[in-house]
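Residues in the sequence shown are numbered from 66 upward in steps of one, following the working numbering. Glycine residues also receive a C-beta, built at the ideal position from the N, C-alpha and C atoms.
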Amino acid sequence: MYADRYTGQSGRFSPAGLVAAIGINAGVVAALMVAAPYVGITEPERTLETYPIPIEPPPEPMPLPKKAQPSVRPVERIEAVKPIVDSPPTIDRPVAFDPLPFHTGDLGGSIGGTGSGGTTVDPPAAAPVIVGPSVDPRYAGDLQPSYPSAEQRLGRDGRVTVRVLVGTDGRVRQVERVSATSDAFFAATQAQALRRWRFRPGTRDGVAQEAWRTMTVTFRLED
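Laid out in structure tokens, this is it:
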């Protein structure tokens, strides 16, 4: 009766027992792992050994081939040979020339010979007759310019010398300053000459022509 009971109980599979057995085994393994000391593998320290490596110097550069120098030949200077020219012999004796005859005749003569007669030379032409311009006496009273008011207030006398170009009609075409006590005196003289001065024009062989004439004007205050 007991044998059958035991046999009946042991023949059954019990999941709870299997789990308990696995848990006990796992606990035992974990305890052994915790209690066992850790043994690590330590590698020996490696020392880096260095040693100098000799560096070979760079090879010396190859010399460049020398350029061939062109040979210079000396230049020979060739001087031109001056030709020898025989100079003609000098004649020491004087050479006589026949004087040309001078004939006075009319002004219509000509220079040159006809083979039978002499040479006729015209007399030199007469110089032209030039007469310079002169003051027209009809306008002599208009030569004196008006006294500049500024110079009159200062009580200063003046003197002006000018060159005037007289036209063929006797009027003054241009006035050039030669000397003047002041600009005011010259301005008064210039204005008077262009407006009021009259001349007899200059002539050349009786023909009227433009000509220059120098004139001097004096400014003086009367007491």
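Worksheet item: Could you give the distance in angstroms between the alpha-carbon of residue 227 and the alpha-carbon of residue 238?
Response: Translated into the one-based positions of the sequence shown, residue 227 becomes position 162. Translated into the one-based positions of the sequence shown, residue 238 becomes position 173. When rounded, the distance between both Cα atoms is 13 Å.
Item to complete: Name the two residues that bound the continuous beta strand (DSSP E) containing residue 244.
Response: Within the sequence shown, the letter at position 179 stands for residue 244. Unbroken beta strand (DSSP E) run through residue 244: 237-245.
Discussion item. Please list the terminal residues of the continuous alpha helix (DSSP H) segment that includes residue 274.
Written reply: Numbered from 1 along the sequence shown, position 209 holds the residue referred to as residue 274. From DSSP, residue 274 is part of no alpha helix (DSSP H) but of the beta strand (DSSP E) over 272-274.
Worksheet item: For residue 91, is the classification buried or exposed, using 16 other Cβ atoms within 10 angstroms of its Cβ as the cut-off for buried?
Response: What you label residue 91 is simply residue 26 of the sequence shown in a count that begins at 1. By the neighbour-count criterion, in which a residue is buried when 16 or more other Cβ atoms sit within 10 angstroms of its Cβ, residue 91 is exposed.
Fill in: Rounded distance between the beta-carbons of residue 200 and residue 268, thought under 8 Å
Taking the sequence shown and counting its residues from 1, the one referred to as residue 268 is at position 203. Taking the sequence shown and counting its residues from 1, the one referred to as residue 200 is at position 135. Not a contact, Cβ separation roughly 15 Å.
Discussion item. Suppose you measure from the CA of residue 233 to the CA of residue 278; what does that come to, to the nearest Å?
Written reply: Counting from one through the sequence shown, the residue named residue 233 turns up at place 168. Counting from one through the sequence shown, the residue named residue 278 turns up at place 213. Distance between the alpha carbons of residue 233 and residue 278: 13 Å.
Discussion item. As a quick exercise: from 204, 229, 185, 286, pick the residue whose alpha carbon is nearest that of residue 217.
Written reply: Numbered from its first residue, the sequence shown carries residue 217 at position 152. Nearest C-alpha to residue 217: 286.
Discussion item. Quick check: the Cα distance between residue 272 and residue 194, rounded to an integer number of angstroms?
Written reply: Stepping through the sequence shown from its first residue, residue 272 is reached at position 207. Stepping through the sequence shown from its first residue, residue 194 is reached at position 129. Going by the C-alpha atoms only, they are around 10 Å apart.
Worksheet item: Along the chain, where does the alpha helix (DSSP H) that runs through residue 254 open and close?
Response: Counting from one through the sequence shown, the residue named residue 254 turns up at place 189. Counting along the chain, the alpha helix (DSSP H) containing residue 254 begins and ends at 248-260.
Fill in: DSSP bridge partner residues for residue 199 (one or two, in chain order)
Looking up residue 199 in the sequence shown gives position 134. Answer is 265.
Practice prompt. Would you mind giving the Cβ-Cβ distance between residue 284 and residue 251, rounded to the nearest angstrom? I have them listed as a contact below 8 Å.
Written response: Translated into the one-based positions of the sequence shown, residue 284 becomes position 219. Translated into the one-based positions of the sequence shown, residue 251 becomes position 186. Not confirmed; about 11 Å, so no contact.
Worksheet entry | Assigned exposure category for residue 282 - 16 Cβ within 10 Å defines buried | Taking the first residue of the sequence shown as 1, we reach residue 282 at position 217. Classification for residue 282: buried.
Worksheet item: Going straight from the alpha carbon of residue 206 to that of residue 260, what length do you get?
Response: Residue mapping note: residue 206 aligns to position 141 of the sequence shown, counting from 1. Residue mapping note: residue 260 aligns to position 195 of the sequence shown, counting from 1. The alpha-carbon atoms of residue 206 and residue 260 are separated by roughly 13 Å.
Discussion item. For residue 276, count the other beta carbons within 10 Å of its own beta carbon; 16 or more makes it buried, fewer makes it exposed. Which is it?
Written reply: Residue numbering aside, residue 276 sits at position 211 when the sequence shown is read from its first letter. Residue 276 sits buried, since 16 or more C-beta atoms from the chains shown fall within 10 Å of its C-beta.
Worksheet item: Below 7 Å between beta carbons: does that hold for residue 223 and residue 264?
Response: Numbered from 1 along the sequence shown, position 158 holds the residue referred to as residue 223. Numbered from 1 along the sequence shown, position 199 holds the residue referred to as residue 264. In this structure, residue 264 does not lie closer than 7 Å to residue 223 by Cβ.
Worksheet item: If you count every other CB in all the chains shown that lies within 10 Å of the CB of residue 266, and 16 or more means buried, which is it?
Response: On the sequence shown, residue 266 is found 201 positions in, with the first residue counted as 1. Per the 10 Å Cβ criterion, buried.
Worksheet item: Buried or exposed: residue 225, going by 16 or more other Cβ atoms within 10 Å of its Cβ?
Response: Within the sequence shown, residue 225 is the residue found at index 160, counting from 1. That one is buried.
Worksheet item: Can you tell me whether residue 243 is buried or exposed, with buried defined as 16 or more other CB within 10 angstroms of its CB?
Response: As a working note, residue 243 is residue 178 in the sequence shown. Its Cβ having fewer than 16 others within 10 Å, residue 243 is exposed.
Worksheet item: Cα separation between residue 189 and residue 231?
Response: Indexing the sequence shown from 1 puts residue 189 at position 124. Indexing the sequence shown from 1 puts residue 231 at position 166. One C-alpha to the other measures close to 31 Å.
Worksheet item: Tell me which same chain residues have a C-beta within less than 8 Å of the C-beta of residue 211, skipping the five on either side of it?
Response: Position 146 of the sequence shown, counted from the start, is the residue given in the question as residue 211. So the list reads 253, 257, once near-sequence residues are dropped.
Discussion item. Just verifying my parser: in three-state terms, what is the DSSP assignment at residue 286?
Written reply: Position 221 of the sequence shown, counting from 1, holds the residue named residue 286. If DSSP states are grouped into helix, strand and coil, residue 286 belongs with coil.
Fill in: CA-to-CA distance, residue 246 to residue 209, given in whole angstroms
Within the sequence shown, numbered from 1, the residue matching residue 209 stands at position 144. Within the sequence shown, numbered from 1, the residue matching residue 246 stands at position 181. Their Cα atoms are separated by approximately 16 Å.
Worksheet item: Alpha carbon to alpha carbon, how far is residue 192 from residue 255?
Response: Locating residue 192 in the sequence shown gives position 127, counting from the first residue. Locating residue 255 in the sequence shown gives position 190, counting from the first residue. Computed Cα separation, rounded: 35 Å.
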